[in-house]
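Novice: Here the protein sequences line up with chains A and B, keeping their order.
Under this note's numbering, the first residue of the first sequence is numbered 2, with each subsequent residue one higher.
Under this note's numbering, the first residue of the second sequence is numbered 14, with each subsequent residue one higher.
Think of the CB as a built atom: it goes at the ideal place given N, C-alpha and C, for glycine as much as any other residue.
Mind having a look at this structure? Questions to follow.
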Amino acid sequence: MAVRLRVGGLVYAYIPGRPVLRGITLELRSGETAFLLGPNGSGKTTFLDCIGGLRPPAEGEVLLDDRPLGSFSARERAQQVGYVPQFHEPPFNFTAWEVVLMGRAPYVRWLSQPKEQDRRAADEALAALNLAGFRDRPYYTLSGGERRLVLVARGLAQGAAFLLLDEPDAHLDPANQHRVLLAVQEVVGEGLGAAITSHSPNNALLYADRVALFSAGEVLAQGAPGEVVTPPLLERAYGIPFISVGDGPGPRAVLPADQRPTRSRNP
Amino acid sequence: MKRSALGGGLLLLPLPVMFFALMVGRYPISPGEVFAALTGGEVAEVVRALVLRIRLPRIGAAALVGANLAVAGAVYQGVFRNPLVEGRLLGVSSGAGLGAALAFLLFPQPAVVQAFAFAGGALGVALTALLGWTFGGGVLVLVIAGVLVDSFLSAVLGLVKYAADPLGTLPAITYWLLGGLSGVRVPDLLPLGIASGIGLSFFLLARWRLNLLTLADQEAEALGVRVRPTRFLVVGMGTLLVASAVSVSGTVSWVGLLVPHAARAVVGPDYARLLPAAAGLGAALVVALDTLARTLLTAEIPLGILTGLLGAPLFLVLFLRFLRERGGWR
């Protein structure tokens, strides 16, 4: 049965009285990929932190299968919700496997060591993302795309029901963006739910089951990608006109409308 | 697998080195006699006394000091996510130096000096932690607080030295600060042994978890680590190790910085293997250097000078290797 992460009326403010999230209501389900789109500063990453339990909301609730996320201990929470950061800069040159094994932290008690099952989980996570060949590679020798994949593997090794990914497609070339997002699809195929913040509406069109479009701390629209990633809604969120291209029932891609002055236009 | 075997082997490295150290000295003792003295076999009374009451306490202290400084250094480097950190950075050394100097000035008895040095070292870190906590507990803030505290306590230490009698107290302070184990007596070993037992067993048991503290705060939180309490517990335990070591040995530089890097070069950065390796390597190194300190010349060479002479060039080698591996400094 699908696990649900329900968010109701979520308000968060870094500075009291100036909320950056103003009443967010959303639902994530395991086995689904949700994309969170929206301009810089619209609150996507803060939202991700709140549902990851890293920032206690000022108002509203985050319920994991009807239980408030705030009532979980840090360890219990980490067994349910995993987080894949945009960057991971270790001060020492751990191997890919050692980085992935750190995902088992919520299962390893203080004053004890990872068990056989933890080691196996790390191996399986690497294998699930076709990274078995990277097992003993030092992290510093990995490319940006490979590093991101290793972090997704760490999230998988964490064994959580939900994986929150902060802009996993940022700073990567198109091929690596798609490798990483396909890896996330792999993870979702194993029954996890993924929430992905992104600046790429087109990646949302390709990979999302559901899209939430953020604007100024509120969800402007949410639903199926074809309903949300549309020129009128994107224009309201981002403030510039868009056009859509595609041959199917919904858009296949959206592009900023051409607003260049006429003299610089290509003939 | 090879690396883990190597890490375990390094933990045992101090044993042969200590055995050798028991043999050498102004009065050389054969391996058979050392063995007999240690196991209660047939041996001349003077040899037994020399091995058990003179050399063993000092060598044991050297091993504990080395293990403590190396383990604490490895831990600090991870917690502060900075490969160039050691205990000195947190104000441990300057605090301990100030405590010892005050004791020499006010109550010049060895036990008081040791107690004051320990209290001073702990106070130095407490000040750093308090400042750091006040400003949010971030890593950079703690490092800056440590630099402030270290600089301030060093200035106060200068004041104490300036006030000290230049014929009696000042040389005592200076020799203490140079670092050495020549004054170690059996009673000194008890507090050092207890502190080391608590600190070393804590870190050796929790060693894998230390990996998680090298992550960015938010990453570690997301993995279920309660970062701030964990960081302060770990820094506190590290301080117990450094302060107890420094209170017996005075300032012994470089060990806390150098040994963790040497151990990393052998077994890699995973704390599960790194900590046993660092403990063994640190203990072996300080026992070896302290043996040199007492046998190289007729007069004792301060241990802190030997570690400094050896440490700087060795560290340069390790650092260049580190830079090459990391592909430059960012």
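For A/ASP269, is the classification buried or exposed, using 16 other Cβ atoms within 10 angstroms of its Cβ as the cut-off for buried?
Specialist: The question about residue 269 of chain A has no answer here: the residues shown for chain A are numbered 2 through 268.
Novice: Report the start-end ranges of each beta strand (DSSP E) in the region 206 to 233 of chain A that is 3 residues or longer and not cut off at the edges.
Specialist: If we require 3 residues or more, the beta strand (DSSP E) runs fully inside the region 206 to 233 of chain A come out as 211 to 216 and 219 to 224.
Novice: So which residues of chain A does B/GLY151 contact, with C-beta pairs closer than 8 Å?
Specialist: Simply none; closest approach about 15 Å.
Novice: Under 8 Å Cβ to Cβ from B/VAL173, same chain only, skipping five residues before and after it: list those, please.
Specialist: Here the set comprises LEU111, ALA114, LEU115, LEU118 and ILE186.
Novice: Could you compute how far the alpha carbon of B/MET14 sits from the alpha carbon of B/PRO315?
Specialist: Legend: pLDDT at B/MET14 = 46, less than 50; position of this residue unreliable, no value from coordinates given.
Novice: What ranges does the alpha helix (DSSP H) occupy inside the region 64 to 148 of chain B, keeping only unbroken runs of at least 4 residues that lie completely in it?
Specialist: Counting only runs of 4 or more, we get 69 to 92, 105 to 119 and 123 to 147.
Novice: Should B/GLU234 be flagged as near chain A, meaning a C-beta pair shorter than 8 Å?
Specialist: Judged by the 8 Å Cβ criterion, B/GLU234 is in contact with chain A.
Novice: I need the straight-line Cα distance from B/TRP146 to B/VAL156, nearest angstrom please.
Specialist: Looking at the two C-alpha atoms, the distance is approximately 12 Å.
Novice: For the candidate residues B/ALA285, B/VAL330 and B/ARG337, whose alpha-carbon lies nearest to that of B/ALA87?
Specialist: With distances taken between Cα atoms, B/ALA87 lies closest to B/ALA285.
Novice: For A/GLU187, which residues in the same chain have their Cβ closer than 8 Å to its Cβ, ignoring the five residues on either side in sequence?
Specialist: So the qualifying residues of the chain are ALA129 and LEU130.
Novice: Which residues in chain A have a C-beta closer than 7 Å to the C-beta of B/VAL88? List them in chain order.
Specialist: Those within 7 Å of B/VAL88 in chain A number zero; the least Cβ separation is about 13 Å.
Novice: Can you name the start and end residues of the alpha helix (DSSP H) that B/GLY251 belongs to?
Specialist: Looking at the DSSP string, the run of the alpha helix (DSSP H) that includes B/GLY251 is 240 to 262.
Novice: Going straight from the alpha carbon of B/ARG198 to that of B/PRO204, what length do you get?
Specialist: When rounded, the distance between both Cα atoms is 12 Å.
Novice: So that I know if they touch, is there some Cβ in chain A lying closer than 8 Å to that of B/VAL156?
Specialist: So no, B/VAL156 is outside the interface.
Novice: Measuring straight from C-alpha to C-alpha, what distance separates B/ALA235 and B/VAL152?
Specialist: Using only the alpha carbons, I get a separation of about 18 Å.
Novice: Can you look up B/ARG39 in the DSSP assignment and give me helix, strand or coil?
Specialist: Looking at B/ARG39 - three-state DSSP - the assignment turns out to be coil, as it is neither helix nor strand.
Novice: Would A/ILE241 be called buried (16 or more neighbouring beta carbons within 10 Å of its own) or exposed?
Specialist: Exposed, by the Cβ-count rule.
Novice: From B/PHE215 to B/TYR89, what distance separates their C-alpha atoms?
Specialist: So the two alpha carbons sit approximately 15 Å from each other.
Novice: For B/PHE129, count neighbouring Cβ atoms within 10 angstroms of its own Cβ and tell me buried if that reaches 16, exposed if not.
Specialist: Per the 10 Å Cβ criterion, buried.
Novice: Give the list of continuous alpha helix (DSSP H) stretches no shorter than 4 residues that lie fully inside the region 57 to 107 of chain A.
Specialist: Fully enclosed alpha helix (DSSP H) runs of 4 or longer: 75 to 81 and 97 to 102.
Novice: On the criterion of 16 or more Cβ atoms from any shown chain inside 10 Å, does A/SER144 qualify as buried, or is it exposed?
Specialist: Flag for A/SER144 reads exposed.
Novice: Cβ closer than 9 Å: which chain B residues qualify as neighbours of A/HIS172?
Specialist: Those do not exist, as A/HIS172 stays about 16 Å from chain B at its closest Cβ, beyond 9 Å.
Novice: Measuring alpha carbon to alpha carbon, tell me which of B/LEU225, B/TYR188 and B/PHE120 ends up nearest A/TYR108.
Specialist: Closest by alpha carbon: B/LEU225.
Novice: Return the chain-ordered list of same chain residues with a C-beta closer than 6 Å to the C-beta of A/LEU166, the five sequence neighbours on each side being excluded.
Specialist: Here the set comprises VAL85 and ILE197.
Novice: Rounded to the nearest angstrom, what separates B/LEU323 and B/ALA124 at their Cα positions?
Specialist: Cα to Cα, the separation comes out at about 30 Å.
Novice: Using only CA atoms, which one of A/ARG23, A/ALA225 and A/HIS200 lies nearest to A/GLY61?
Specialist: Per the Cα distances, A/ARG23.
Novice: Looking at chain B, is there any beta carbon in it that lies within less than 8 Å of the beta carbon of A/LEU112?
Specialist: By this cut-off, A/LEU112 is an interface position.
Novice: Kindly list, in the order they appear in chain A, the residues whose Cβ is closer than 7 Å to that of B/LEU19.
Specialist: Those within 7 Å of B/LEU19 in chain A number zero; the least Cβ separation is about 15 Å.
Novice: What is the rounded straight-line gap between the Cα of B/PRO121 and the Cα of B/ALA80?
Specialist: Taking the straight line from one Cα to the other gives about 28 Å.
Novice: In chain order, which beta strand (DSSP E) runs of at least 3 residues are fully inside the region 131 to 175 of chain A?
Specialist: The qualifying runs are 163 to 167.
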